[in-house]
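The next block holds one structure in the form of structure tokens; read it before the comments.
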DNA sequence: GATGAATGAGATTTCATTCAT
DNA sequence: TATGAATGAAATCTCATTCAT
């Protein structure tokens with residue numbers, strides 16, 4: 165099944181989203197279409213599962229980072245979060261892009277929703293442990309933080325920034341978020 | 165031709181991106197397929213043109229806002245920019261989402277590139293007229309500002325935020341960008 | 165109308181028989197489709213007329229040759245006939261090939277029939293004037309002669325013989341036909 | 165797959181070459197279009213394969229005849245060759261005509277080339293075994309013989325000769341070729 | 001007359017899915 | 001359980017022909 169997922173990504177990359185056919189995926193994965201249909205009752209299910217797995221792994225990484233940053237100063241939290249997310253997207257940029265493109269075939273609201281919840285939970289929990297800050301109302305702050313980070317990274321991807329611009333942007337984004345958090349905190353008596 | 169564009173959007177909305185067929189569009193537009201193919205030599209050309217037009221209008225709005233904000237304090241600039249962009253996306257949120265999804269079938273790098281250039285030119289020009297700020301090196305600041313704003317808005321859309329969350333987020337994003345710009349300015353003697 | 169014929173040939177050559185469209189022909193000819201439909205009520209009529217004209221010219225050349233060969237010895241008659249036909253086909257070999265290919269769309273039996281009749285009449289009349297031969301029954305001999313010559317030339321075309329092979333073949337064909345006629349004649353007491 | 169070939173011929177006969185559509189062929193063959201496309205990746209491939217098979221069989225027949233005529237007097241060789249070819253074409257005259265017409269859609273040079281090579285090899289080998297003749301330079305003689313025979317038969321077809329004319333023509337063609345060969349031979353000690 | 005935009009039937013081809021082996 | 005040939009609905013695109021201007 166991992167072979168099938170990997171094959172799906174390969175086909176997505178080499179053939180594009182509208183050439184992503186079940187036959188091609190099966191062939192690349194070295195199984196028959198019939199077998200593939202045993203695992204996934206239809207094409208959507210395959211793509212759904214692929215995205216699910218991807219988001220699951222990503223959420224896992226973010227949770228790990230958050231846990232590891234419990235008790236760190238907020239500035240470090242923001243930095244760690246941005247770093248993790250950016251790295252995850254960049255590590256296999258082609259896969260990232262392939263997945264972005266696969267989504268057309270999908271009704272992925274539920275997926276996004278689940279992912280968002282997990283991330284929100286992890287980041288909120290982390291923020292609450294900051295020794296140097298207390299947030300009156302952490303949810304909107306968290307929402308802003310997360311949306312800004314994730315959105316910026318995605319947009320950076322779409323604009324296909326140069327390596328250099330990307331580095332600069334990551335730095336600036338980090339300062340920006342740190343400043344934001346600092347401005348929002350009520351201080352820790 | 166406007167009828168065709170409008171029909172494309174309608175089909176995109178009602179049938180989804182993978183049910184967006186040339187026949188359906190033609191039917192909805194009240195023209196024959198043949199006619200459609202006289203205007204657009206193939207499906208991609210139609211989708212491309214649709215996005216091109218959309219981005220052209222959007223860029224136009226941004227340019228207008230920038231021009232109107234020449235000489236305003238940076239805080240106001242950021243606010244105006246966010247407001248314009250957000251409003252443009254929200255006005256017909258369904259269309260926005262439909263277009264986001266239509267793009268998958270496309271090689272839209274050139275489109276994004278053109279749009280980015282227009283926007284960058286407009287925003288940089290605007291920032292340079294700020295009476296209350298001077299920026300050592302305006303390009304990276306501008307890149308950050310624009311990427312953060314556009315990315316955040318897009319992500320907000322994808323998460324399908326509630327009306328309320330959206331308002332809050334817009335406010336927070338504005339403060340965040342204002343704070344960022346203030347932190348970056350070298351002061352105006 | 166000659167412009168239309170010429171355009172048809174050009175399109176046939178450059179685009180092939182299944183890309184031979186009325187629009188393309190009209191465009192190439194520098195007239196509108198509408199105008200073309202005034203001259204030719206449908207596509208078939210155009211192709212038919214084109215072939216008709218071509219065969220008419222060809223038959224005319226053969227008739228001229230035959231007339232000019234009245235009273236010549238049979239050997240010279242055969243030579244002249246082969247030479248004329250071969251030259252006519254070779255002069256614009258591409259046109260010849262284009263026309264061969266255009267015929268798919270056509271029910272060209274009548275055309276061939278008419279052409280055959282004209283040629284048969286001309287060649288039979290010519291053969292009858294031979295000073296050195298008398299043919300018991302000229303029709304079958306004539307049929308053989310004409311079918312062999314025309315068939316051989318066509319086949320030579322299809323095999324795309326080298327220039328050299330073509331020259332040799334033409335020479336051999338001539339001797340062959342001359343020998344044949346000599347063998348068939350009853351002598352002119 | 166034989167069913168598909170047969171169906172193609174049937175459609176060619178009943179509907180004509182420009183009504184030869186993949187759907188019609190599939191329907192007539194009693195298979196789905198999809199199945200047909202599994203065997204032949206596109207329409208051209210089908211027509212190509214059909215002609216290939218036809219020419220293969222035809223070449224086989226000619227080779228057999230040539231082998232069987234090894235050691236026969238040249239006159240008999242010519243007769244046998246003409247007889248085989250004529251019979252092959254006449255057996256299913258409609259098929260022959262259908263195939264001639266199908267070819268227009270094709271780039272069949274390679275096919276013709278292959279066929280010509282096989283035939284040339286077989287006839288040259290045969291001619292060399294003639295007990296009553298030796299040919300100084302057999303290639304041009306062979307080329308002439310083959311081109312004349314094949315071309316004449318084809319042309320006879322195109323003119324749609326009456327049964328009677330056909331028989332006469334075949335006889336005349338045979339004498340003609342025999343006379344030609346006799347005239348070309350250098351004698352055998 | 002001449003024009004050429006509009007038409008829409010119809011052609012080719014793809015591909016998710018099934019099911020007999 | 002695995003296979004992959006068969007299916008056929010549906011998509012894209014073409015082009016002969018018409019007809020309002």
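Chains as they are written, first to last, in the numbering used here: chain L, 165 to 353; chain E, 165 to 353; chain Z, 165 to 353; chain A, 165 to 353.
Glycine included, each C-beta is placed from N, C-alpha and C at the ideal position.
Is it buried or exposed for residue 257 of chain L, if we count other Cβ within 10 angstroms and need 16 for buried? As a position in the first chain, residue 257 of chain L is number 93, starting the count at 1. Taking all protein chains in view, the Cβ of residue 257 of chain L is surrounded by fewer than 16 other Cβ atoms within 10 Å, so the residue is classified as exposed.
Does the separation of the CB atoms of residue 229 of chain E and residue 244 of chain E fall below 9 Å? Numbered from its first residue, the second chain carries residue 229 of chain E at position 65. Numbered from its first residue, the second chain carries residue 244 of chain E at position 80. The Cβ atoms of residue 229 of chain E and residue 244 of chain E lie closer than 9 Å to each other.
Rounded to the nearest angstrom, what separates residue 191 of chain L and residue 218 of chain L at their Cα positions? Position 27 of the first chain holds residue 191 of chain L. Position 54 of the first chain holds residue 218 of chain L. Roughly 22 Å between the two C-alpha positions.
What is the DSSP secondary structure of residue 195 of chain A, reduced to helix, strand or coil? Position 31 of the fourth chain, counting from 1, holds the residue named residue 195 of chain A. Coil.
Output needed for residue 222 of chain Z: all residues of its chain with C-beta closer than 6 Å, excluding positions within five of it in sequence on either side, in chain order. The residue given as residue 222 of chain Z occupies position 58 in the third chain. Apart from sequence neighbours up to five positions away, the residues of its chain that approach residue 222 of chain Z with a beta-carbon distance below 6 Å are 252, ordered along the chain.
Any idea what DSSP makes of residue 296 of chain Z, helix, strand or coil? As a position in the third chain, residue 296 of chain Z is number 132, starting the count at 1. DSSP places residue 296 of chain Z in coil when its eight states are reduced to three.
Does any residue of chain Z have a CB that is nearer than 9 Å to the CB of residue 336 of chain A? For the purposes of this step, residue 336 of chain A is identified with residue 172 of the fourth chain, where counting begins at 1. Contact of residue 336 of chain A with chain Z is assigned, a C-beta pair being separated by under 9 Å.
Is the Cβ of residue 145 of chain L closer than 9 Å to any Cβ of chain E? Look at the range of chain L in this structure, 165 to 353, and you will see that residue 145 of chain L is not part of it.
With distances taken Cα to Cα, identify the nearest neighbour of residue 224 of chain A among A:295, A:347, A:203 and A:278. If you number the fourth chain from 1, residue 224 of chain A lands on position 60. Checked all of A:295, A:347, A:203 and A:278; the closest Cα to residue 224 of chain A is A:278.
Under 8 Å (Cβ pairs) to chain L, residues found in the stretch 193 to 213 of chain E: Residues of the stretch 193 to 213 of chain E with a C-beta atom less than 8 Å from some C-beta of chain L do not occur.
Cutting at 8 Å between CB atoms, please list the residues of its own chain near residue 238 of chain Z, excluding the five before and the five after it. In the third chain, counting from the first residue as 1, residue 238 of chain Z sits at position 74. Cβ-Cβ distances below 8 Å link residue 238 of chain Z to 291, 294, 296, 297, 342, 345, 346 and 349 in the same chain, with the five nearest sequence neighbours on each side left out; the list follows chain order.
Which same chain residues, not among the five before or five after residue 327 of chain Z, have their C-beta less than 6 Å away from its C-beta? As a working note, residue 327 of chain Z is residue 163 in the third chain. None.
Return the chain-ordered list of same chain residues with a C-beta closer than 7 Å to the C-beta of residue 250 of chain Z, the five sequence neighbours on each side being excluded. The count along the third chain starts at 1 and reaches residue 250 of chain Z at position 86. Contacts found: 317 and 334.
With C-beta atoms as the reference, is residue 193 of chain E less than 9 Å away from residue 167 of chain E? Position 29 of the second chain, counted from the first residue, corresponds to residue 193 of chain E. Position 3 of the second chain, counted from the first residue, corresponds to residue 167 of chain E. Yes, Cβ-Cβ distance for residue 193 of chain E and residue 167 of chain E is below 9 Å.
Which complete alpha helix (DSSP H) runs does the stretch 257 to 288 of chain E hold, if anything under 4 residues is left out? With a minimum length of 4 residues, the continuous alpha helix (DSSP H) runs that stay inside the stretch 257 to 288 of chain E are 257 to 266.
Would DSSP call residue 306 of chain E helix, strand or coil? Numbered from 1 along the second chain, position 142 holds the residue referred to as residue 306 of chain E. Taken through DSSP and simplified to helix, strand or coil, residue 306 of chain E comes out as helix.
Using 8 Å as the threshold, is the stretch 262 to 279 of chain Z in touch with the stretch 169 to 189 of chain Z, meaning 3 or more CB pairs across them? Result yes; three or more Cβ-Cβ pairs closer than 8 Å.
For the alpha helix (DSSP H) holding residue 169 of chain E, just list the boundary residues, first then last. Taking the first residue of the second chain as 1, we reach residue 169 of chain E at position 5. Segment 166 to 179, the alpha helix (DSSP H) holding residue 169 of chain E.
Alpha-carbon to alpha-carbon, residue 285 of chain A and residue 176 of chain Z: Working through the third chain from its first residue, we reach residue 176 of chain Z at position 12. Working through the fourth chain from its first residue, we reach residue 285 of chain A at position 121. C-alpha separation (whole angstroms): 35 Å.
Got a sec: does the ligand NAP put a non-hydrogen atom nearer than 8 Å to the Cβ of residue 243 of chain A? Among the components of this structure there are no ligands whatsoever, and the ligand NAP is therefore not found.
For residue 308 of chain Z, which residues from the same chain have a beta carbon less than 8 Å from its beta carbon, with the 5 sequence-adjacent residues on both sides left out? As a first step, residue 308 of chain Z must be located in the third chain, where it is residue number 144. 344, listed in sequence order.
Top-ranked residue by Cα proximity to residue 312 of chain A, from A:246, A:220, A:288 and A:216: Locating residue 312 of chain A in the fourth chain gives position 148, where the first residue counts as 1. Scanning A:246, A:220, A:288 and A:216 for the CA closest to the CA of residue 312 of chain A turns up A:246.
Taking Cβ-Cβ distances below 8 Å as the criterion, which residues of the stretch 297 to 316 of chain L are in contact with chain E? Residues 304, 305, 307, 308, 311, 312, 314, 315 and 316.
For residue 178 of chain Z, decide whether its Cβ has a neighbour in chain A, counting only Cβ atoms nearer than 9 Å. Here residue 178 of chain Z refers to the residue found at position 14 when the third chain is read from its first residue. No, because no Cβ of chain A sits closer than 9 Å to the Cβ of residue 178 of chain Z.
Under 8 Å by beta carbon: chain L residues contacting residue 333 of chain E: Position 169 of the second chain, counted from the first residue, corresponds to residue 333 of chain E. Going along chain L in sequence order, the residues near residue 333 of chain E (Cβ under 8 Å) are 304, 307, 308 and 311.
Once DSSP output is grouped into helix, strand and coil, what is the label at residue 206 of chain E? The residue labelled residue 206 of chain E in the question sits at position 42 within the second chain. Coil.
Report back the beta-carbon spacing between residue 122 of chain E and residue 198 of chain L to the nearest angstrom; my notes put them in contact at under 8 Å. Outside the shown range of chain E, which is 165 to 353, sits residue 122 of chain E, and nothing can be said about it.
Could you please give the first and the last residue of the uninterrupted alpha helix (DSSP H) stretch that includes residue 349 of chain E? In the second chain, the residue the question calls residue 349 of chain E occupies position 185. Judged by DSSP secondary structure, residue 349 of chain E falls outside any alpha helix (DSSP H); it is assigned neither H nor E.
Who are the Cβ neighbours of residue 200 of chain E in its own chain at under 8 Å, not counting the five residues just before and after it? Residue numbering aside, residue 200 of chain E sits at position 36 when the second chain is read from its first letter. Excluding positions up to five away in sequence, the list reads 168, 186, 189, 190, 193 and 210.
Buried or exposed for residue 353 of chain L, please, with buried defined as at least 16 other CB atoms from any protein chain shown within 10 angstroms of its CB. Within the first chain, numbered from 1, the residue matching residue 353 of chain L stands at position 189. Unreliable placement is indicated for residue 353 of chain L, whose pLDDT of 43 sits below 50; the coordinate value is still reported in the next sentence. Residue 353 of chain L should be labelled exposed.
Check the C-beta distance from residue 322 of chain Z over to residue 226 of chain A and give it rounded, since I have them as a contact under 8 Å. Looking up residue 322 of chain Z in the third chain gives position 158. Looking up residue 226 of chain A in the fourth chain gives position 62. Not confirmed; about 17 Å, so no contact.
Residue 239 of chain L - containing alpha helix (DSSP H), residue span: On the first chain, position 75 is the one that residue 239 of chain L refers to. In the DSSP annotation of this structure, the continuous segment of the alpha helix (DSSP H) that includes residue 239 of chain L starts and ends at 238 to 255.
Nearest by alpha-carbon distance to residue 214 of chain A: which of A:329, A:330, A:260 and A:288 is it? Stepping through the fourth chain from its first residue, residue 214 of chain A is reached at position 50. Nearest of A:329, A:330, A:260 and A:288 to residue 214 of chain A, Cα basis: A:260.
Let me check understanding here. Comparing Cα to Cα, which of E:220, E:212, E:206 and E:178 lies closest to residue 283 of chain E? Along the second chain, one-based indexing puts residue 283 of chain E at 119. Cα-wise, what sits closest to residue 283 of chain E is E:220.
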